[in-house]
Amino acid sequence: MSQDISLEEVIRAIVSQAGLSREDIRKKIDATIASFDGLLTEVGAALIIGDKLGVKVQAHQPEPGSAGDATGSESPSKIKDIIERTKQENGMKNINLYGRVVAITQPHEFLKADGRKGAVASIILRDATGQVRVSCWDEKTKLIDEIVKQGEIIGVYNAYSKVGKTGDVEVHIDKRGMFKPKPDGVDEASFPAADATPAVPAAQASGCIAIAAASESATFVGLVVKVMEKLPPRAFQKKDGTEGWIARVRVADESGSGFVVFWGDRMNDYNDLVAGEVYQFDVLAV
Numbered sequence: 011m012s013q014d015i016s017l018e019e020v021i022r023a024i025v026s027q028a029g030l031s032r033e034d035i036r037k038k039i040d041a042t043i044a045s046f047d048g049l050l051t052e053v054g055a056a057l058i059i060g061d062k063l064g065v066k067v068q069a070h071q072p073e074p075g076s077a078g079d080a081t082g083s084e085s086p087s088k089i090k091d092i093i094e095r096t097k098q099e100n101g102m103k104n105i106n107l108y109g110r111v112v113a114i115t116q117p118h119e120f121l122k123a124d125g126r127k128g129a130v131a132s133i134i135l136r137d138a139t140g141q142v143r144v145s146c147w148d149e150k151t152k153l154i155d156e157i158v159k160q161g162e163i164i165g166v167y168n169a170y171s172k173v174g175k176t177g178d179v180e181v182h183i184d185k186r187g188m189f190k191p192k193p194d195g196v197d198e199a200s201f202p203a204a205d206a207t208p209a210v211p212a213a214q215a216s217g218c219i220a221i222a223a224a225s226e227s228a229t230f231v232g233l234v235v236k237v238m239e240k241l242p243p244r245a246f247q248k249k250d251g252t253e254g255w256i257a258r259v260r261v262a263d264e265s266g267s268g269f270v271v272f273w274g275d276r277m278n279d280y281n282d283l284v285a286g287e288v289y290q291f292d293v294l295a296v
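In this text, residue positions in the sequence shown follow the numbering used here: the first is 11, and each later residue adds one.
Structure representation (structure tokens):
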């Protein structure tokens with residue numbers, strides 16, 4: 011990590027490069043801290059303001075030991091290593107990683123089991139070894155709007171991982187975790203472009219088969235596929251007279267293409283899918 015930058019250094023940079031007065035900057039700092047429910051320090055808030063204004067500063071990190079500090083002590087891990095270790099150990103903690111933002115899912119609200127409102131938002135990060143979904147929850151979803159930009163390299167700190175319902179490895183940011191835009195010392199050229207599509211070898215995962223072999227397989231199969239297109243959901247009437255929803259997704263691997271159909275409570279999985287990304291489906295009925 012580079013040497014910590016002080017609040018005064020950030021303010022001076024904003025004054026000189028953006029032409030704002032110190033009073034205006036202070037007001038923006040207070041408003042930004044309030045919008046993050048006090049999770050940011052003054053330095054962290056000032057860095058966000060500077061980044062929005064295109065101000066160049068020497069470092070983009072919150073003060074160590076504060077509520078906004080989330081850089082952690084672990085060295086950044088490669089996405090491939092995170093995926094492999096998560097599957098082996100059924101999860102990881104204190105994850106730090108760098109990646110290019112290739113997709114952003116805007117925050118949406120839901121009701122928790124206790125009746126309280128919750129929120130979730132996610133991004134897809136990619137490095138030279140693979141890609142992974144990173145989700146943040148509740149008040150942390152504000153980071154998606156305030157910090158994360160399509161195509162940029164960001165750092166993720168103090169996150170944890172688990173295997174999701176579809177069999178994909180997911181990285182999550184809770185109260186301890188944090189994003190940092192444009193982390194210092196990172197060679198941007200070493201990361202794939204945001205529009206680069208990773209190869210999807212047929213049956214690349216254990217227990218999965220190629221699409222071309224699905225019709226000849228057993229009743230239930232696993233697939234590793236790229237989502238080519240999400241077709242719009244449509245309503246239908248169930249046998250009991252109630253309304254249901256169904257949606258199709260066109261998927262492909264090196265062997266061919268086909269459709270995955272979602273309905274009932276699996277519509278939540280459909281909503282989470284991002285066209286152009288790669289997913290593993292462990293149990294599909296043929």
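Beta carbons: idealized from backbone N, C-alpha and C, even for Gly.
Please read these numbers as outputs of a predicted model, since none were measured by experiment.
Close Cβ partners of Val271 (< 6 Å) along its chain, the five nearest in sequence each way excluded: Arg258
Cβ pair count under 8 Å reaching 3, the stretch 95-107 against the stretch 147-160: no
Helix, strand or coil for Ser85 per DSSP? coil
Helix, strand or coil: which one does DSSP assign to Leu107? strand
Given this structure, state the Cα-to-Cα distance separating Ser171 from Arg136, to the nearest angstrom. 16 Å
Closer than 8 Å by C-beta to Ile89: which residues in its own chain qualify, once you throw out the five before and the five after it? Chain order, please. Leu107, Gly109, Leu135, Arg136, Asp137, Thr139, Gly140, Gln141 and Val142
Figure out for me which residue from Lys62, Ile163 and Ala131 has the closest Cα to the Cα of Ser200. Ile163
Limits of the unbroken beta strand (DSSP E) element including Glu253: Glu253 to Asp263
Using the Cα positions of Lys248 and Asn281, report the straight-line distance between them to the nearest angstrom. 21 Å
How far does the beta strand (DSSP E) with Ala129 in it reach, from first residue to last? Lys127 to Asp137
Member of Gly254, Arg22 and Ile58 whose CA lies at the smallest distance from the CA of Ile39: Ile58
Can you give the beta carbon distance from Ala28 to Val65, rounded, assuming they're within the 8 Å contact cut? 6 Å
Do you know how far the Cα of Gly177 is from the Cα of Ser132? 17 Å
If distances are taken between C-alpha atoms only, which option among Gly128, Val179, Arg186 and Lys190 comes closest to Ile157? Lys190
Just list the residues that DSSP pairs Lys236 with in beta bridges. Ala262 and Val288
Residue from Thr96, His118 and Pro86 whose Cα sits closest to the Cα of Gly195: Pro86
Taking buried to mean at least 16 other C-beta atoms within 10 Å of its own C-beta, is His118 buried or exposed? exposed
Within 8 Å, strictly: CB atoms of Val179 and Ile92: yes
Are Val181 and Val144 touching if we call contact CB-CB under 8 Å? yes
Is it buried or exposed, Gly161, if we count other Cβ atoms within 10 angstroms and call 16 or more buried? exposed
Segment limits, beta strand (DSSP E) that includes Gly60: No beta strand (DSSP E) contains Gly60, which is instead part of the alpha helix (DSSP H) from Glu52 to Lys62.
Name the DSSP beta bridge partners of Leu121, please? Lys127
Output yes or no for whether 8 Å exceeds the beta carbon distance between Val284 and Ala113. yes
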